[in-house]
Amino acid sequence: MLSHELKQFKIDGEKTIIQNPNESQRKEHEKCTFETHEVYAIDVIVSSGEGIGREKDTKVSIYKKTDENYMLKLKASRALLAEVKTKYGNMPFNIRHFDEETKARMGVVECVSHKMIEPFQVLYEKPTEYVAQFKHTVLLMPNGVNLVTGIPFAEDLFVSEHSIAQPELKELVATPLQPIKKGKGGAKKKGGTAGSAPAGNDAAAATSKVESTPAVETKA
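The sequence shown stops at residue 220 when you use full-length UniProt numbering, and every number in between is there.
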């Protein structure tokens, strides 16, 4: 599972954070340096099973245009691609939103076969397992990490049989998203500091855990 840097009208930037890689994926994954003013979509998926998504014979509805070029032969394919460029650009779209869905589905086949449009396949875990997703968007600002989208995570409502063992990861998880400001003479301001928890203490703690750990995997 990858978390991507976000760009204007682009959901899959060049920099990525890999979640739970095997040894081969860890070696192949390109290292990156996080920089101020970058934006990332942190996407964490947890499974009670193997965590290996499997495709089934499910009709795909979400697609996204790529930067590939090809002279399409079918009229339906050319019409679909022209409408996608006009309405959606490189952002994902739902093919069911087209006025003539049947023609759109005819045209998307040729576009996908020549990699001009990318399908978002539906992935399945085993029926007896559970899958949970926690996703949010963060801005890397000079004063720390700002959480701008995503629902709060009530950490005290969940108990896990797993725990973090590595000292360096424990220290990283305990680090606040934004540095604590100090008053004159180095004393902390009474009542805490505005900005030390951008979306509530629970959200900040949860974001610190799910955002920081994958970043370590990226650097490893």
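Here a beta-carbon is modelled for each residue, glycine too, at the ideal position from N, C-alpha and C.
All values reported here derive from a predicted model rather than from experimental measurement.
task: Please classify Gln-133: does DSSP put it in a helix, a strand, or coil?
output: Taking the sequence shown and counting its residues from 1, one reaches residue 133 at position 133. Looking at Gln-133 - three-state DSSP - the assignment turns out to be strand.
query: When we look at the beta-carbon of Ile-17 and count the other beta-carbons within 10 Å, is it buried (16 or more) or exposed?
result: Working through the sequence shown from its first residue, we reach residue 17 at position 17. Classification for Ile-17: buried.
message: Quick check on Lys-190: does DSSP put it in helix, strand or coil?
response: On the sequence shown, position 190 is the one that residue 190 refers to. Note that Lys-190 has pLDDT 49, beneath the 50 cutoff, so the model's placement of it is unreliable and no number is given.
message: Assuming Met-174 is part of the alpha helix (DSSP H), what are its boundary residues?
response: Taking the first residue of the sequence shown as 1, we reach residue 174 at position 174. Correcting the residue type first, residue 174 is Ala in the shown sequence and not Met. Ala-174 -> alpha helix (DSSP H) spans 167 to 174.
- request: Give the DSSP bridge partners of Ser-3, in chain order.
  value: As a first step, residue 3 must be located in the sequence shown, where it is residue number 3. Answer by DSSP bridge pairing, in chain order: Ile-17.
- prompt: Would the beta-carbon of Lys-15 fall within 8 Å of that of Asn-90?
  reply: Translated into positions along the sequence shown, residue 15 becomes position 15. Translated into positions along the sequence shown, residue 90 becomes position 90. Contact: no.
Which of helix, strand or coil DSSP assigns to Gly-200: Looking up residue 200 in the sequence shown gives position 200. Only weak support exists for where Gly-200 lies, its pLDDT of 42 falling under 50; the coordinates are left without a value.
task: Using DSSP bridges, identify the partner residues of Met-141.
output: Residue numbering aside, residue 141 sits at position 141 when the sequence shown is read from its first letter. Answer is Gly-144, bridged to Met-141.
Opening and closing residue of the alpha helix (DSSP H) in which Val-159 lies: Stepping through the sequence shown from its first residue, residue 159 is reached at position 159. That residue, Val-159, is in no alpha helix (DSSP H); it is neither H nor E in DSSP.
query: Going by beta carbon distance, what residues of the same chain come within less than 6 Å of Pro-92, once the five residues before and after it are set aside?
result: The count along the sequence shown starts at 1 and reaches residue 92 at position 92. The residues are Ile-62, Lys-64.
query: Pairing CB atoms from the region 116 to 131 with CB atoms from the region 48 to 62, are three or more of them under 8 Å?
result: yes
message: Which of the three DSSP states is assigned to Thr-149 in this structure?
response: Stepping through the sequence shown from its first residue, residue 149 is reached at position 149. It is a strand residue.
task: Report all residues from its chain with a CB closer than 7 Å to the CB of Tyr-70; omit the five preceding and five following residues, and keep chain order.
output: Here residue 70 refers to the residue found at position 70 of the sequence shown. Only His-114, Met-116 meet the Cβ criterion.
- prompt: Hey, how far is the Cα of Asp-67 from the Cα of Ala-41?
  reply: By one-based count along the sequence shown, residue 67 stands at place 67. By one-based count along the sequence shown, residue 41 stands at place 41. So the alpha carbons of these two residues sit roughly 21 Å apart.
message: Buried or exposed, going by whether 16 or more other CB atoms sit within 10 Å of the CB of Ala-154?
response: Residue mapping note: residue 154 aligns to position 154 of the sequence shown, counting from 1. It counts as exposed.
task: Drop a sphere of 10 angstroms on the beta-carbon of His-37, count the other beta-carbons inside from all chains shown, and report buried for 16 or more, exposed for fewer.
output: For the purposes of this step, residue 37 is taken as residue 37 along the sequence shown, with counting starting at 1. So His-37 ends up on the exposed side.
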